[in-house]
Each structure stands twice: as C-alpha cells, then as structure tokens.
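Asks: Below is the structure I would like to discuss, written out as structure tokens.
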Amino acid sequence: MPGDILGTEILRETSNGLEFDFQLGPIFSNLLLADEINRTPPKTQSALLEAMQERKVTVVS
-12 MPGDILGTEI LRETSNGLEF DFQLGPIFSN LLLADEINRT PPKTQSALLE
38 AMQERKVTVV S
C-alpha cells in the first residue's frame, strides 16, 4: 500500500541511538472521509479501495 494511505517509518534519534518509528496513516482512523478519490494516483485509489473491501490492514516491518 502507498505510504500516503498506510503510513510510513521515520528514523528518529533517541538516547539509545537511532530507531524507526512507524507513523500511522489515515487508514487507521475510526472515520475516514475519502473525498475526490478519483483525483489520487491509481495506486493510491487501489490501496484505499482494497483496504475498505477487506476491512483490515496488515503492516509487516
């Protein structure tokens, strides 16, 4: 899934060194208003429609 729907990992500096922190995307919200989805790139449209159909999201890192 594209990062603009699912989220992305951000590298941040901590006292223990560098760590990846996963920032949740809009698909993880309780209510998602998808207005003008036809203006998004085809890959993003496909990812959003797939998540809506399956009613679940799996993140593997």
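Under my numbering, the first residue of the sequence shown is numbered -12, with each subsequent residue one higher. The beta carbon of each residue, even a glycine, is placed where N, CA and C say it ideally should be.
So, is I(-3) buried or exposed, given that buried needs 16 or more other C-beta atoms within 10 angstroms?
Replies: Its Cβ having fewer than 16 others within 10 Å, I(-3) is exposed.
Asks: Using DSSP's beta-bridge definition, name the partner residues of T45.
Replies: In DSSP, T45 forms no bridge with anything.
Asks: Can you tell me whether G4 is buried or exposed? The criterion is at least 16 other CB atoms within 10 Å of its CB, across all chains shown.
Replies: Its Cβ having fewer than 16 others within 10 Å, G4 is exposed.
Asks: Spell out the partners DSSP gives D8 in its beta bridges.
Replies: DSSP output for D8 lists I(-3) as bridge partner(s).
Asks: Beta-carbon separation of T31 and Q10 under 8 Å?
Replies: For T31 and Q10, no; Cβs fall outside 8 Å.
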